[in-house]
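>
Residue numbers (the working numbering): 5 to 552.
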């Protein structure tokens, strides 16, 4: 009994430590608490306790696990909708309308959009202009989603490969550690017509990576496609201690024109199965499915059922599969392309380390590494992340390419690692071009501030970080400071005279992301300017930008 009393006392002290903070030391305290609970139950079992003692111990365990965030049914989890698109656009110009592609009329709007394109037109003259300005595809998606409360967080392009990541503005302060990179695999690894581009980020503390690939073409190169994928995984690295490689991330999405074909079946059987929608008869000969049977790495990736038409190869501007006559110059090998599921979306949740693996690591590692393993295990249990596939379809509506787009709708269920932005920012007083205005911000959590941090003024509906109307450096224009509130001014010369609904965004140059967004506020129309009868086009150069 003395040992049980001692363990109760120890749990009380550890419980206080675990509630004091949420840092690594607190994580170690919660881990120690669970160890003490296990010891307690062992003592109770040895004593063969009465029901009264058993109930008392059970209540203690219940309370302790609630403090640790482990009580069943009480873990607060949030769900987020993710809309993903992969599409080989075959150098075509974008269609006029992408509402169907983005499900804009759906009653449930996504929290995140990820759009991966392949074969975006990359002729030299067009590619150079796209480096200076957004390409036509990016511009279309930005203009479509910007007015619906989404912002382009990141994008990366490697010749014809393009990856775009959009988020609802409400989530922007909780998206950090954004990095993007690319790997070439075309023509001995020096040409970017094939390869992979990726964007990785922290979403409410959970590390997620999106990889858009265009792999080697043609039926006979299934093994080479797997080799290219593994090469891309090996080559792509990030400046991050915990997640330097793609597979280190808690969640990885792999999408693109992976170019796996349906082998062995003849054209007549393929067409018959497609016309009768007996897609399941083709699954066993899908090369990606076949390669997963013998490649352990591929087995870690999940995919939804291929219950939609093969998305390649179509005659352009039609819904007809390749109808070229045999032996024409269009097909260099003299063969029609068989229909295939070349365009895919897969995902991988990082496997949990098995107890035996952790034990082996502990035997060969020092105290710091042991603590790191324990903290990682604690984090996996306390902040779980689950993925649910809601829909996996192709869209037959679009005919500009010889591929059809594939759409994957996902629900991410996770426990947020933090719910408070790093900075609170807001507009103080009335704003107009008639007087200097004041922006106020206050740090809510410690972060590495810099003299290069700035606060931008944006119109509601802005599409990306560079869409600001004006900005002010947080240190250069600082007018007052105390422990809680910092004021900076914005010159009236920089405020648009026509006014409008706006927000302020605090950008951290060290973290390279927006870490605080103000509630929307109204910038009033300039009274002085219009009373003087000045023409709007001669008032303020910023207004010209907002009109363009």
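Virtual Cβ for every residue (Gly too), placed ideally from N, Cα, C.
Is the beta carbon of residue 440 less than 8 Å from the beta carbon of residue 495?
Closer than 8 Å, so yes.
> Around the Cβ of residue 108, are there at least 16 other Cβ atoms within 10 angstroms (buried) or fewer (exposed)?
By the neighbour-count rule (16 or more Cβ atoms within 10 Å), residue 108 is not buried but exposed.
> Under 8 Å, do residue 315 and residue 262 count as touching if we go by C-beta distance?
Not a contact, by the Cβ cut-off of 8 Å.
> Looking at residue 478 and residue 507, is the spacing between their C-beta atoms short of 8 Å?
Not closer than 8 Å, so no.
> With a threshold of 16 other CB atoms inside 10 Å of the CB of residue 163, please say whether the residue is buried or exposed.
Buried, because 16 or more other Cβ atoms sit within 10 Å of the Cβ of residue 163.
> Per DSSP, what kind of secondary structure is residue 117 in: helix, strand or coil?
In the structure shown, residue 117 sits in a strand (DSSP, three-state: E or B).
> Whose CA, out of 254, 433, 119, lies closest to the CA of residue 355?
Of the candidates 254, 433, 119, the one whose C-alpha sits nearest the C-alpha of residue 355 is 254.
> Report the CB separation of residue 444 from residue 519 in whole angstroms; it is logged as a contact under 8 Å.
About 15 Å; that fails the 8 Å criterion.
> To the nearest angstrom, how far is the alpha carbon of residue 326 from that of residue 340?
Taking the straight line from one Cα to the other gives about 6 Å.
> When DSSP labels each residue in this structure, what does residue 160 get in the three-state scheme?
Residue state, collapsed to three classes: strand.
> Work out the CA separation of residue 397 and residue 167 for me, nearest whole Å.
Computed Cα separation, rounded: 20 Å.
> In the DSSP assignment, what residue or residues form a beta bridge with residue 290?
In DSSP, residue 290 forms a bridge with 266.
> Nearest-angstrom Cα distance between residue 387 and residue 323?
Near 45 Å, if we compare the C-alpha coordinates of residue 323 and residue 387.
> Alpha carbons only, please: which of 530, 113, 276 is nearest the one belonging to residue 436?
Ranking 530, 113, 276 by Cα distance to residue 436 puts 530 first.
> Using C-beta distances below 7 Å, list every residue in its chain close to residue 616, excluding the 5 sequence neighbours before and after it, in chain order.
Limits of the chain in this structure are 5 at one end and 552 at the other, which puts residue 616 out of reach.
> Flag this pair as touching only if the segment 236-256 and the segment 194-213 have three or more C-beta atom pairs under 8 Å; answer yes or no.
Counting Cβ pairs under 8 Å, three or more are found: they touch.
> Whose C-alpha, out of 510, 198, 419, 284, is nearest the C-alpha of residue 390?
That would be 419, whose Cα lies nearest to the Cα of residue 390.
> Less than 8 Å between C-beta atoms, sequence neighbours within five positions excluded: which residues of the same chain meet that for residue 190?
Around residue 190: 196, 197, 198, 199.
> Under 8 Å, do residue 223 and residue 313 count as touching if we go by C-beta distance?
Contact: no.
> Helix, strand or coil for residue 306, going by three-state DSSP, please let me know.
If DSSP states are grouped into helix, strand and coil, residue 306 belongs with the strands.
> Roughly how many angstroms lie between the CA atoms of residue 492 and residue 228, to the nearest whole one?
Roughly 57 Å separates the two Cα atoms.
> Give the secondary structure of residue 218 by DSSP, where H, G and I count as helix, E and B as strand, and everything else as coil.
Strand at residue 218.
> Return yes when the Cβ of residue 171 is within less than 8 Å of the Cβ of residue 116, no when it is not.
It is a contact, given that the beta carbons lie within the stated cut-off.
> Pick from 502, 207, 248, 264: whose alpha carbon is nearest that of residue 218?
When only C-alpha atoms are compared, the closest one is 264.
> Extract the residue ranges of the beta strand (DSSP E) inside the segment 420-482, only unbroken runs of 3 or more that lie entirely within it.
List check, beta strand (DSSP E) in window: 427-432, 441-447, 458-463, 474-477.
> In this structure, how does DSSP classify residue 411 when only helix, strand and coil are distinguished?
Three-state result, residue 411: strand.
> Which residue or residues does DSSP assign as beta-bridge partners of residue 392?
DSSP lists 415 as partners of residue 392.
> Spatial neighbours of residue 158 within its chain, please: C-beta separation below 6 Å, excluding the five flanking residues on both sides.
Contacts found: 169, 182, 184, 203.
> Considering just the uninterrupted stretch of the beta strand (DSSP E) at residue 351, what are its terminal residues?
Run containing residue 351: 347-353, per the beta strand (DSSP E) assignment.
> For residue 525 and residue 448, what's the separation of their Cα atoms in angstroms?
Cα to Cα, the separation comes out at about 21 Å.
> Going by DSSP, what residue range makes up the beta strand (DSSP E) through residue 272?
Careful: residue 272 lies outside any beta strand (DSSP E), inside the alpha helix (DSSP H) at 271-279.
> From what residue to what residue does the beta strand (DSSP E) around residue 185 run?
Where residue 185 is concerned, the enclosing beta strand (DSSP E) stretches over 179-190.
> Taking the DSSP output, what are the residues bridged to residue 125?
None, per the DSSP bridge assignment.
> Within its chain, find whatever has a CB closer than 6 Å to the CB of residue 96; leave out the 5 residues flanking it on each side and keep chain order.
Taken in chain order, the residues that qualify are 404, 405.
> Express the C-alpha separation of residue 140 and residue 216 in angstroms, rounding to a whole number.
If you take the alpha carbons of residue 216 and residue 140, they lie about 19 Å apart.
> Measuring CB to CB, does residue 178 end up less than 8 Å from residue 452?
The answer is no: Cβ separation not under 8 Å.
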